[in-house]
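Beneath this line is the structure, given in C-alpha cells, with notes to follow.
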Amino acid sequence: MNTSINNDKPTSVRNGMILCTTMVAIMLYLDRVCLSILGTSIKKDLDFNEVQFANLLSAFFWAYALCQIPAGWIGDRYGPRIALGIYLFFWSLCTGLMGMVSGYGLFLLLRLGCGLFEAGAYPLANGIVRKWVPLSGRGTASGIVAIGGRLGGAIAPMLTNFLAAGASDGWRKPFIIYGLIGMVGAIIFWVWYRDEPSQHPLVNQAEIDLINGSNHVPDSSKPGFPNFVALATNLSLWLASIVMILSNFGWIFIITLFPDYLEKVFGTPADTRALYQSLPLYFGIAGMLIGGWWTDRIFRLAGPRWGRSIPMAASRVIVGISYIVCLFLGDALWVTIMMCIVAAATDMGNPAFWAYCQDVGGKYVGSVVGWGNMWGNLGAAIAPQLFILIKSYHPDDPQAGWASVFLICAVVQVIGAVAAMGIDATHPIKMDGDKSPSASF
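Per the numbering used here, the sequence shown runs over residues 140 to 580.
Printed below as a string of C-alpha cells:
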C-alpha cells in the first residue's frame, strides 16, 4: 500500500481489478468459441470429418470440466497474479498455435490444452472478487465479471467472421490474433494485479477497510491441498452443484442445438439463425446485471441463507416455464423470445452461485468454485448427447422429438429449483480440519 495515499475517501482500485477480470472473461469466450464459428472452413481446409471435428469440440469441455478443481486449488495456493497470468498466457498460446497447425493430432492436443488452462479462469475470478470486493457487493461484482464471458460469446460470431474474411485459409487469422492479444493481456494482468489490496501501491487504507469490513480476521496462511472429503460430504455444496448441472441443461441447448432446431422445424435461413442464436446471449448480459443486484439485495434484506438460494430457485422456475411455453409456439421468432428469457433467467441465477462459493469457500474459494463448475460443465457436455438420444426415439415425428427435449429441459429446472431452496450460505465448508458445525451429510 502506498502510505502517501492517506485521505479518508477510499480509492477505487477495486473497480479496476473487476474491470481487468472482466476483460479476461471476454478473452476466455473469444478463444473458446472461435473453433465452432469457423468449423465449416476448418473442416474443408484441413479435410477433417464430422467425427474428428466433434472430438475437437468436446475435447475442450472434458479438459475444462475435469481440471476445474486442481486449477482452482493452484490459484488458491499461489494466488491469481501468478496462476491466472500463467493460465491466460498459455491458453492464448494454445489458441494462437491452432491457427498455425494442419494435423489433426496436434490440433486436438492444443484444444485439450486450451480447456486445461481455461479451467482455472472462473475459479480464480471468484477468488479475485472475494479479495477485492466487500461482502455485500460480491454478487454484483460476480455478475459484472460473468458479463465479460457473455459479451465475448455474443461478439465472437461477427468479429471472428470479419477477421477470417477474404481467404480460403482465413480461419487461421482469428486464432493467431486472439492468441497474441491474450498473451499481451497476460503480461498486463501480471503488472496491474495484486493478490492482496494492501500490496497495491495505489490503494489507501480507507479502501482496504471498506473491502475487509468491520469483522475481517486476517488469514495469511496458504491453503493446503483441497479436502475432498469436506467437499464431497457437504450437502449444501452438492445441492449447488445439482443446480449448476441442471441449469446448463437449459442453457446449453441455445448454443448447441437451437440453430439446428430453427432450420429443421421452421426452415430458418442461415443468416437469421445466426441472429436468433446470438440474441439470447445479449439478454444474458442483462440477466447477469439483474442477478448480481438481486442476490445482493436479498442478502442485505434477509441474510446469506435466502440471498443466495432464492435467486437460484426463482430463476430455475422462470426457465422451466419458458420451455413449457415453447411447446405451444409455432413461430421461430416467438421461440427465440423464449430462449432470450431462458438465457436471461439462467444468468440471473449465476451470480448467486458464485457469491455462495465465495461465502462458504474462504481461502479455498477457487477449489469450491472448481467443484461446482466441474459438475456444471459435465452437465453441459452430457446434455446435447442426451437431447440427440431423446430425439432418436421419434424418427418419424421430428416435432415430437423436439417437444420431448423441451419437456425434459422444463422438468429438470423444477428439480433444480427444489435443490436450490436447500442451499445454505451461512455454513462455511471446513477444509482445514475445523470441526465446528457445517452443513454436511
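Where is the CB? At the ideal position from N, CA and C, for every residue including glycine.
The model shown is predicted, which means the values in this text are computed figures rather than measured ones.
- Distances from the alpha-carbon of I562 to those of V553, R444, V474 put R444 closest.
- By the criterion of a C-beta distance shorter than 7 Å, V458 is surrounded in its chain by G389, V481, A484, T485, Q552, once the five residues flanking it on both sides are discounted.
- Per DSSP, reduced to three states, the secondary structure at N366 is coil, with no helix or strand assignment.
- Residue state for N373 is assigned as strand, using DSSP reduced to three classes.
- With a beta-carbon spacing of about 5 Å, L349 and P149 fall inside the 8 Å limit used to define contacts.
- Around the CB of I326, fewer than 16 other CB atoms lie within 10 Å, so the residue is classed as exposed.
- According to the DSSP assignment, Q552 belongs to the alpha helix (DSSP H) that extends over 537-559.
- The beta carbons of Y168 and G288 sit closer together than 8 Å.
- Shown here, V240 sits in coil according to DSSP, grouped into three states, outside any helix or strand.
- For R216, the enclosing alpha helix (DSSP H) starts and ends at 207-217.
- I529 sits away from V508, with the two beta carbons spaced by 8 Å or more.
- In this structure, DSSP gives A202 a helical state, which the three-state scheme calls helix.
- Between L227 and G292, the beta carbon gap of about 17 Å keeps them out of contact (Cβ cut-off 8 Å).
- Here the stretch 231-244 makes no contact with the stretch 398-414; the two share fewer than three CB pairs at distances below 8 Å.
- Taking C-beta separations shorter than 7 Å and ignoring five residues to either side along the sequence, the partners of M451 in its chain run V382, G488, A491, F492, A559, I562, following chain order.
- By the Cβ-count criterion, R439 is exposed, with fewer than 16 other Cβ atoms from all chains shown falling within 10 Å of its own Cβ.
- For the pair of segments examined, the stretch 228-240 was found not to touch the stretch 263-275: the number of CB pairs separated by less than 8 Å stays below three.
- A direct Cα-to-Cα measurement between C253 and A222 gives close to 15 Å.
- Excluding residues up to 5 positions away in sequence, L376, A379, S380, M383, F492, C496 lie with their Cβ nearer than 8 Å to the Cβ of G511 in the same chain.
- Around the Cβ of V190, a 10 Å sphere holds fewer than 16 other Cβ atoms; the residue is exposed.
- Distances from the alpha-carbon of A539 to those of L158, G500, F467, T475 put F467 closest.
- Rounded to the nearest whole angstrom, the C-alpha separation of Q344 and E335 is 12 Å.
- By the Cβ neighbour-count rule, S506 is buried, with 16 or more other Cβ atoms within 10 Å of its own.
- Cβ atoms of F392 and C548 come within 8 Å of each other, at about 6 Å.
- The shortest CA-to-CA distance from M427 to any of L546, R277, D215 is the one to R277.
- Non-local C-beta neighbours of F256 in its own chain, meaning closer than 6 Å and more than five positions away in sequence, comprise Y226, F229, W230, ordered along the chain.
- Annotated as distal: I316 and I424, with beta-carbon spacing of 8 Å or more.
- Contact between the stretch 197-210 and the stretch 517-524 is present: 3 or more CB-CB pairs across the two stretches fall below 8 Å.
- With fewer than 16 other CB atoms across the displayed protein chains lying within 10 angstroms of its CB, L525 is exposed.
- The three-state reading of DSSP puts P534 in coil, since its state is none of H, G, I, E or B.
- When secondary structure is reduced to three states using DSSP, D184 falls in the helix class.
- Between T160 and V284, the C-beta gap is smaller than 8 Å, which places the two residues in contact.
- With a contact defined as Cβ atoms closer than 8 Å, V172 and A295 qualify at about 5 Å.
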